[in-house]
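Novice: Take a look at this one; I'll ask things after.
Protein chains: 6
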Amino acid sequence: MPIAIYAGSFDPITNGHISIIRSGLVAFEKIIVAVLINPGKTPLFSVDERFKMISDALSNEPRIEVDCFDGLLVDYARRRNVQVVLRGLRAVADFEHELKMANMNRHLYQEMETVFIMANDYFYVSSSLIKEAASLGGDVLGMVPKAVAQKLREKFFPQEPCQNKE
Amino acid sequence: MPIAIYAGSFDPITNGHISIIRSGLVAFEKIIVAVLINPGKTPLFSVDERFKMISDALSNEPRIEVDCFDGLLVDYARRRNVQVVLRGLRAVADFEHELKMANMNRHLYQEMETVFIMANDYFYVSSSLIKEAASLGGDVLGMVPKAVAQKLREKFFPQEPCQNKE
Amino acid sequence: MPIAIYAGSFDPITNGHISIIRSGLVAFEKIIVAVLINPGKTPLFSVDERFKMISDALSNEPRIEVDCFDGLLVDYARRRNVQVVLRGLRAVADFEHELKMANMNRHLYQEMETVFIMANDYFYVSSSLIKEAASLGGDVLGMVPKAVAQKLREKFFPQEPCQNKE
Amino acid sequence: MPIAIYAGSFDPITNGHISIIRSGLVAFEKIIVAVLINPGKTPLFSVDERFKMISDALSNEPRIEVDCFDGLLVDYARRRNVQVVLRGLRAVADFEHELKMANMNRHLYQEMETVFIMANDYFYVSSSLIKEAASLGGDVLGMVPKAVAQKLREKFFPQEPCQNKE
Amino acid sequence: MPIAIYAGSFDPITNGHISIIRSGLVAFEKIIVAVLINPGKTPLFSVDERFKMISDALSNEPRIEVDCFDGLLVDYARRRNVQVVLRGLRAVADFEHELKMANMNRHLYQEMETVFIMANDYFYVSSSLIKEAASLGGDVLGMVPKAVAQKLREKFFPQEPCQNKE
Amino acid sequence: MPIAIYAGSFDPITNGHISIIRSGLVAFEKIIVAVLINPGKTPLFSVDERFKMISDALSNEPRIEVDCFDGLLVDYARRRNVQVVLRGLRAVADFEHELKMANMNRHLYQEMETVFIMANDYFYVSSSLIKEAASLGGDVLGMVPKAVAQKLREKFFPQEPCQNKE
């Protein structure tokens, strides 16, 4: 029963990620969405916040499990006894990076295979571009789930709710 | 039980194709290797020859089925009731072409997903380059199965066995 | 008053072409859609048919002129006294080819500039892929205007209407 | 009367930028060269210095306006009532990044179009590579206007004029 | 004493080829310019014509040898006892193709190395684009040596001199 | 007698680098492996450590010289009286970057040529990916020489030897 891991920072999850996951559910029985905890980076959202946004966005998908991990993806995959890693692919620059990663991962865990699904680019904008736009007041609804758009506004314009107060 | 179709001309099958198929068996229960019959092209090997070379090369894999089809891949996939198409991916030029094909196929059959596996490029040389080299007397063993290398020699140098005759 | 030429085979015009033209009308006062007559190629549709399909698809755009030309694009641009060529751009492979063409055209006509608009890839599938799909019975509506889809069916399945006759 | 915005950091303006602007003037009535004020980055030159270097380099072009902006480019374009953004394009890596940006900007401001002009690569070297070379004493004349080369020397080797003093 | 082979169709030689050869002479003692005789293709110029155009264009370079070969490049290199193949590289599409070729050649002749020099793209336009432009009456001087431009005119417009006769 | 410089950070040297150097020795009489001292970056290994790891890995190659330099590569090449720079090339992203660098270097030192050798990608993984994997406990043997793998373990897990002590 093939299971796949879909790993990433998900800081935050976007409609592009969700589109890849839904496509992946056509090919796999179950997908583990695994949030990477990277001590070397300062994310915008805490692991708990990212975990919750993913769970909420995919709450109607019983074949999804949300999880966290740190360290090497190959070690996590071994621990979970999963041999397939799912990745989204959109641009040539992605492709190059993914090729290097797949090369590296083959060195580290020969039995693991990486499979790719092409992102529907209508939904595809990277998390970092979305954060940049949101930080400057851009309306990112349509690129992220509604709840994520709301969370981004709260992060970047925390006083905003107060303005509506009185 | 996810099944995937791996379609192509396989004129002839190469070690690159075989490497993709073996990687695909990690992710899928069963793979249908489907030889495209393209009336608009003149292949080097007949469908029967191509079919036999594939079957021989993969005879030790019980989870492989070899089949033929003509017409649109999406129609074949519908007939076979399969929703996953497997593709190998190695170069950026492949990537571009595949992106266009995946786009097209989404228009024609929305429920079908294309998944990609990166070819190990040690084995990766295209069928047409291999045919060109073989036609000029190059030794292509290592790039194709042994039986295929033999068939290529017979195609391009049919008199050769006679020279050893007397 | 900047005018741009948008040249191509348009065999047939697709929704991708139409999307580029509409985007181009934001930047330019007028766009000349110029059908290339290439004696070295055998198109599916005659120049008249292609001309008519373009005119019909863009009949509600007063700032469009449809025209034909043979020979070098730079010579046509000189004759029309136009210094801007508009091109659609979607894939990296396009990009490479366009770079070579732009290089060549700069040699041949220094005052002419080529400007590019990125295709919205929801609509983007090449004419040749569309013809291939249509020739195998694929439904290409959504990728070409309705009248073009009808013309493609008539080309590839001319007897079809008869089957419904009695 | 089509106007285009050509935005960037211009830290400093290079001959590559100037070549794009001159090409753009073939296609557009007027070009607004807009210096992005990015509070998150520490530029080598102040906004005033960058503004002045651009104005000096393009002083003989009456159809150029130099301006500054912060925040989202789409918001600036809306404020200026301009619907066309001009971008230079040279390398495939540029292309990928630009595709993502254009995608994002379409989400944020549907009526805005991005048009691209291929850089003549004789002049094309990025500002950051030029700064790196200049900081190590490389002679960057030919890649930037003469006044900019002088300013770069002053930034990186401020004592130099003193050595000629006595 | 490293010698390199620079092989190609040279149908005809362009200023791009000449630029690569001159750059190659910085790195190598001697370069063999080897014209590929490909029986499967119909060139515009005969092998003799191509040979002569190359010799004329490079007559002032004593470290150049012009030669012809058919069959596999690796077999020719073995016969000549040369282990280095020189290639020009300009576009990403070239790069992909070259990567496949280099892969193939490593299979066929492990001791041979392929080295690449980036073309100065001012001179870089492919032979086939140049032929297409010349066949339509375009002036290709500046992209090919003067004698080659003359030969192209003679091929495509053979009666032309007669028109000036009386 | 052509000599080439192969410059880089080598932080640390990988099997990919070594493969490029060995290929380069087919084309060149001698190769200077030049460690770039970049005061703006904090390397994992000191210049001495990097120098020693390179020397050890290539100790059986008499035609190799290991050296260090700071400042511009072109200035170092001039000082060493060398006109050829050797670079490895594997991915399209590399290619783009290298094209920009080669462009820049041609501006700075016209007589210098950059030649490229395609990396055998079995060995090709970047130093930074290897460091990331090693820092998380991944086994990088096979991607770097044995002595380098040992040094990486000592850097990232300095107490480890102590655990075996008693």
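Chains as they are written, first to last, in my numbering: chain A, 92 to 257; chain B, 92 to 257; chain C, 92 to 257; chain D, 92 to 257; chain E, 92 to 257; chain F, 92 to 257.
Glycine is no exception: its CB is placed at the ideal position from the N, C-alpha and C atoms.
Please list the terminal residues of the continuous alpha helix (DSSP H) segment that includes C/Gly107.
Specialist: Its alpha helix (DSSP H) spans residues Asn106 to Ala118.
Novice: Determine the chain F residues that contact E/Leu190 at a beta-carbon separation under 8 Å, and present them in chain order.
Specialist: Neighbours of E/Leu190 on chain F, chain order: Met209.
Novice: Whole-angstrom Cβ separation of F/Gly115 and F/Leu177, contact assumed at under 8 Å?
Specialist: Correct: roughly 5 Å between the Cβ atoms.
Novice: Please report whether the beta-carbon of B/Gly229 lies at a distance below 7 Å from any beta-carbon of chain E.
Specialist: Cβ-Cβ to chain E under 7 Å: yes for B/Gly229.
Novice: Can you name the residues that DSSP bridges to D/Leu190?
Specialist: Partner(s): none; D/Leu190 has no beta bridge.
Novice: On the DSSP letters alone, give me the boundaries of the alpha helix (DSSP H) that D/Arg244 sits inside.
Specialist: Lys237 to Phe247 is the extent of the alpha helix (DSSP H) around D/Arg244.
Novice: Could you tell me which chain C residues have their CB closer than 9 Å to the CB of E/Val138, listed as they occur along the chain?
Specialist: Chain C residues near E/Val138: none, gap ~24 Å exceeds 9 Å.
Novice: Identify the contact partners of B/Gly233 in chain E, using a Cβ-Cβ distance below 9 Å as the criterion.
Specialist: Within 9 Å Cβ-Cβ: His198.
Novice: So B/Leu220 contacts chain E; which residues on that side make the cut at Cβ distance below 8 Å?
Specialist: In chain order: Lys191, Met192 and Met195.
Novice: Under 7 Å between C-beta atoms, does D/Gln174 make it to chain H?
Specialist: In the structure shown, chain H does not exist; the protein chains are A, B, C, D, E and F.
Novice: Take every Cβ of the region 214-229 of chain D, pair it with every Cβ of the region 135-143 of chain E, and state whether three or more of those distances are shorter than 8 Å.
Specialist: In short, these stretches do not touch, since the Cβ pair count stays below three.
Novice: Using a Cβ-Cβ cutoff of less than 7 Å, which residues in the same chain neighbour E/Ala210 once the five nearest sequence positions on both sides are dropped?
Specialist: Gly107, Ser110, Ile111, Gly179, Leu180 and Arg181, listed in sequence order.
Novice: Taking one C-beta from the region 148-166 of chain D and one from the region 188-206 of chain A each time, how about it: are there three or more such pairs within less than 8 Å?
Specialist: At 8 Å Cβ cutoff, the stretches do not touch.
Novice: Leaving out five residues on either side along the sequence, give the residues of the same chain with a beta carbon under 7 Å from the beta carbon of D/Asp147.
Specialist: Once the five neighbours on either side are set aside, the close Cβ partners of D/Asp147 are Ala238.
Novice: For B/Ala224, which residues in the same chain have their Cβ closer than 6 Å to its Cβ, ignoring the five residues on either side in sequence?
Specialist: Cβ neighbours of B/Ala224 beyond the five flanking positions: Val231.
Novice: Would you call C/Ser218 buried or exposed, if buried means 16 or more other Cβ atoms sit within 10 Å of its Cβ?
Specialist: Buried, since its Cβ has 16 or more Cβ neighbours within 10 Å.
Novice: For a quick check, are the C-beta atoms of A/Tyr200 and A/Val235 less than 7 Å apart?
Specialist: For A/Tyr200 and A/Val235, no; Cβs fall outside 7 Å.
Novice: Is it true that the CB of D/Val206 sits closer than 7 Å to the CB of C/Ala118?
Specialist: Against a cut-off of 7 Å, the Cβ pair of D/Val206 and C/Ala118 comes out as a contact.
Novice: From the DSSP output, read off the bridge partner residues of B/Tyr97.
Specialist: B/Tyr97 is bridged to B/Val124.
Novice: Can you look up F/Leu227 in the DSSP assignment and give me helix, strand or coil?
Specialist: F/Leu227 falls in the coil class under three-state DSSP.
Novice: 7 Å is my cut-off, CB to CB: does C/Val216 come that close to chain B?
Specialist: It does: the Cβ of C/Val216 has a partner Cβ on chain B nearer than 7 Å.
Novice: Could you round the C-beta distance between E/Ile155 and E/Ile122 to whole angstroms and report it? I think they count as a contact, below 8 Å.
Specialist: Between E/Ile122 and E/Ile155 the Cβ distance is about 6 Å, and since that is below 8 Å, they are a contact.
Novice: Let's see if you can read the secondary structure: which residues bound the alpha helix (DSSP H) around C/Val138?
Specialist: Val138 to Ala148 is the span of the alpha helix (DSSP H), which, as asked, contains C/Val138.
Novice: What are the residues that DSSP puts in a beta bridge with E/Gly179?
Specialist: E/Gly179 is bridged to E/Ile208.
Novice: In chain C, what lies closer than 9 Å to B/Gly37 by C-beta?
Specialist: Outside the modelled stretch of chain B, which goes from 92 to 257, sits residue 37 of chain B, for which no answer is possible.
Novice: Span of the alpha helix (DSSP H) holding C/Asp166?
Specialist: Element bounds for C/Asp166: Leu164 to Arg171.
Novice: Cα separation between E/Phe248 and E/Asn172?
Specialist: When rounded, the distance between both Cα atoms is 42 Å.
Novice: Whole-angstrom Cβ separation of A/Glu204 and A/Gln174, contact assumed at under 8 Å?
Specialist: Indeed, because the Cβ distance is near 6 Å, the residues count as touching under 8 Å.
Novice: In whole angstroms, what is the alpha-carbon distance linking B/Glu251 and E/Ile208?
Specialist: With a pLDDT of 49 at B/Glu251, under the threshold of 50, the modelled position of this residue cannot be trusted, and the question is left open.
Novice: Please identify, using Cβ separations under 9 Å, the residues of the region 151-163 of chain D that lie next to chain A, in order along the chain.
Specialist: So the list reads Asp161, Gly162 and Leu163, given in the order they occur along the chain.
Novice: Taking the alpha carbon of A/Gly99 as the point to measure from, which residue in A/Glu152, A/Pro93 and A/Leu163 has its own alpha carbon closest?
Specialist: Nearest C-alpha to A/Gly99: A/Leu163.
Novice: Output, in chain order, the set of chain A residues within a Cβ distance shorter than 7 Å of B/Ser114.
Specialist: What B/Ser114 touches in chain A: Glu204.
Novice: Please name the residue or residues paired with D/Asp262 in a DSSP beta bridge.
Specialist: The question about residue 262 of chain D has no answer here: the residues shown for chain D are numbered 92 through 257.
Novice: Among C/Asp139, C/Leu243, C/Asn129 and C/Ala125, whose alpha-carbon lies nearest the alpha-carbon of C/Lys170?
Specialist: Contrary to the premise, residue 170 of chain C reads as Arg rather than Lys in this sequence. Per the Cα distances, C/Ala125.
Novice: Between B/Ile128 and E/Leu243, what straight-line distance do the alpha-carbon atoms span, to the nearest angstrom?
Specialist: For B/Ile128 and E/Leu243, the distance between alpha carbons rounds to 42 Å.
Novice: Answer yes or no: does any C-beta atom of chain B fall closer than 7 Å to that of A/Val124?
Specialist: A/Val124 does not count as touching chain B.
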